[in-house]
Amino acid sequence: MSINKSNILFIINPISGGKKKSSLPALIDEHLDKEKFVPVYTFTEYIGHASELAEEAEKKDYDIIVAVGGDGTINEVASKLVHSDKILAVIPFGSGNGLARFLNVPLNAKKAIALINTATYQVIDTAELNGKKFFNMAGMGFDAHLSAVFAGNKKRGLRSYVELGFKEITTYKAQGYQIEIDGESYDGDAFAISIANSSQYGNNVYISPKSSLTDGYLDVCIIHPISLVKLPVLAFQMIMAKTHRSSLVKIIRGKHIKITRNAPGAVHLDGEPLQLAEQLEIKIIPASLKILSN
Numbered sequence: 002m003s004i005n006k007s008n009i010l011f012i013i014n015p016i017s018g019g020k021k022k023s024s025l026p027a028l029i030d031e032h033l034d035k036e037k038f039v040p041v042y043t044f045t046e047y048i049g050h051a052s053e054l055a056e057e058a059e060k061k062d063y064d065i066i067v068a069v070g071g072d073g074t075i076n077e078v079a080s081k082l083v084h085s086d087k088i089l090a091v092i093p094f095g096s097g098n099g100l101a102r103f104l105n106v107p108l109n110a111k112k113a114i115a116l117i118n119t120a121t122y123q124v125i126d127t128a129e130l131n132g133k134k135f136f137n138m139a140g141m142g143f144d145a146h147l148s149a150v151f152a153g154n155k156k157r158g159l160r161s162y163v164e165l166g167f168k169e170i171t172t173y174k175a176q177g178y179q180i181e182i183d184g185e186s187y188d189g190d191a192f193a194i195s196i197a198n199s200s201q202y203g204n205n206v207y208i209s210p211k212s213s214l215t216d217g218y219l220d221v222c223i224i225h226p227i228s229l230v231k232l233p234v235l236a237f238q239m240i241m242a243k244t245h246r247s248s249l250v251k252i253i254r255g256k257h258i259k260i261t262r263n264a265p266g267a268v269h270l271d272g273e274p275l276q277l278a279e280q281l282e283i284k285i286i287p288a289s290l291k292i293l294s295n
């Protein structure tokens with residue numbers, strides 16, 4: 002499908018991925034097709050600001066709203082565009098860029114702008130966890146714990162995340178879960194549980210290689226309790242996109258998921274941590290977001 006619109010708003014997170022973006026409007030002005038688009042730029046000033054800007058923009062005559070940042074910024078903007086006539090576009094500037102990578106959106110800003118010029122979009126599934134939307138990946142267990150710890154870390158970027166991960170993984174213990182997927186029960190301990198709408202966390206690290214954004218399903222990825230000596234095996238399988246064949250991971254497709262934990266704790270939605278209660282309910286929202294893709 003293609004579109005031929007004119008009004009386009011860029012919502013720019015100035016600190017995502019640890020990269021400055023003060024010169025980005027000039028770069029966009031240089032490479033955006035002005036015969037198709039009239040651009041407007043706005044910068045976020047605090048956590049949640051992108052959501053506020055997107056909610057306001059959804060009521061105005063913008064045809065395309067561009068999230069410039071990482072998966073967290075995309076989440077804030079996209080959450081206000083579900084079931085909207087507005088079209089989401091992405092210029093990825095995050096640490097992982099999981100959703101952008103899945104959609105084949107270039108990580109190079111100039112090439113991402115060139116993709117916007119084509120104005121080609123698809124309609125993808127989205128999801129909710131306890132009423133809060135996510136688009137790429139949600140999770141609990143170790144990855145949510147790490148996201149919560151990383152949120153308080155002064156250093157940003159992939160290197161800092163990996164270093165912190167090695168530190169935290171030596172003391173983290175598997176947790177107990179009661180899981181119901183479309184009425185079927187799967188109970189036991191898990192190192193982590195990821196709810197995958199797309200295939201990867203980011204940085205081409207795949208937890209659910211066969212996931213699709215357009216199949217009307219979520220993939221529940223249960224990482225079994227794992228010893229430190231097996232972690233390199235799991236890491237290799239993720240990098241090689243082989244986790245669907247792994248004995249360390251169980252992947253179950255479903256539309257309606259209920260999870261009960263032993264205690265309240267961290268979860269993450271598209272990499273952004275928050276604290277939620279023991280009871281979690283996750284639902285797929287089929288064909289609910291228009292987004293530019295390659």
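All the letters of the sequence shown, read from the start, carry residue numbers 2 to 295 under my numbering.
Where a beta carbon is used, it is the ideal one built from N, C-alpha and C, also for glycine.
All values derive from a computational prediction rather than experimental measurement.
Would you call the segment 254-261 in contact with the segment 277-285, where contact means no fewer than 3 C-beta pairs closer than 8 Å? yes
Quick one: what's got a C-beta closer than 7 Å to Ser3's C-beta in the same chain, skipping five residues either side?
Locating residue 3 in the sequence shown gives position 2, counting from the first residue. Low local confidence applies: a pLDDT of 48 at Ser3 is under 50, so the model's placement there is unreliable, with the coordinate-based value given in what follows. So the list reads Ala120, Thr121, once near-sequence residues are dropped.
| field | Separation of Ala110 from Lys243, as counted between CA atoms | value | The count along the sequence shown starts at 1 and reaches residue 243 at position 242. The count along the sequence shown starts at 1 and reaches residue 110 at position 109. A straight-line Cα-Cα distance of about 30 Å links Lys243 and Ala110.
Please name the residue in Phe11, Leu249, Ala152 whose C-alpha comes closest to that of Val230. For the purposes of this step, residue 230 is taken as residue 229 along the sequence shown, with counting starting at 1. If we check each option's Cα against that of Val230, Leu249 comes out closest.
task = State the start and end residues of the unbroken beta strand (DSSP E) segment that holds Lys60.
result = Counting from 1 along the sequence shown, the entry for residue 60 is found at position 59. Per DSSP, Lys60 belongs to no beta strand (DSSP E) and is neither H nor E.
_Could you compute how far the alpha carbon of Glu77 sits from the alpha carbon of Lys87?_
The residue you call residue 77 lines up with position 76 of the sequence shown. The residue you call residue 87 lines up with position 86 of the sequence shown. Cα-Cα distance, rounded: 15 Å.
Starting from Met239, trace the alpha helix (DSSP H) in both directions and tell me its first and last residue. Taking the first residue of the sequence shown as 1, we reach residue 239 at position 238. That run of the alpha helix (DSSP H) goes 232-240.
My output table needs one value for Glu31: the three-state DSSP class, helix, strand or coil. The residue labelled residue 31 in the question sits at position 30 within the sequence shown. Correct three-state label for Glu31: helix.
| query | Rounded to the nearest angstrom, how far is the Cβ of His146 from that of Tyr173, given a contact under 8 Å? | reply | Here residue 146 refers to the residue found at position 145 of the sequence shown. Here residue 173 refers to the residue found at position 172 of the sequence shown. Contact flag correct, Cβ pair sits at about 6 Å.
**Request:** Quick one: give me the first and last residue of the alpha helix (DSSP H) that His146 is part of.
**Result:** Here the question's residue 146 lines up with position 145 in the sequence shown. First-last of the alpha helix (DSSP H) with His146: 143-152.
Could you tell me the alpha carbon to alpha carbon distance between Gly203 and Asp144, rounded to whole angstroms?
Counting from 1 along the sequence shown, the entry for residue 203 is found at position 202. Counting from 1 along the sequence shown, the entry for residue 144 is found at position 143. Rounded to the nearest angstrom, the gap between the Cα atoms of Gly203 and Asp144 is 12 Å.
For Asn105, is the classification buried or exposed, using 16 other Cβ atoms within 10 angstroms of its Cβ as the cut-off for buried? In the sequence shown, residue 105 corresponds to position 104, counting from 1. Burial is judged here by how many other beta carbons sit within 10 angstroms of a residue's own beta carbon; Asn105 has fewer than 16 and is exposed.
Does DSSP classify Val106 as helix, strand or coil? Position 105 of the sequence shown, counted from the start, is the residue given in the question as residue 106. Looking at Val106 - three-state DSSP - the assignment turns out to be coil, as it is neither helix nor strand.
Is it buried or exposed for Ala101, if we count other Cβ within 10 angstroms and need 16 for buried?
-> Here residue 101 refers to the residue found at position 100 when the sequence shown is read from its first residue. So Ala101 counts as buried.
Legend entry - Per-residue burial, His269 [other beta carbons within 10 Å of its own, 16 or more giving buried]: Position 268 of the sequence shown holds residue 269. His269 should be labelled buried.
Distance between Ser7 and Asp64 (C-alpha atoms, nearest Å) = As a first step, residue 64 is located in the sequence shown; it is residue number 63 there, counting from the start. As a first step, residue 7 is located in the sequence shown; it is residue number 6 there, counting from the start. Their backbone Cα atoms lie some 7 Å apart in a straight line.
Which of the three DSSP states, helix, strand or coil, is assigned to Glu46? As a first step, residue 46 is located in the sequence shown; it is residue number 45 there, counting from the start. Note: Glu46 maps to coil in three-state DSSP.
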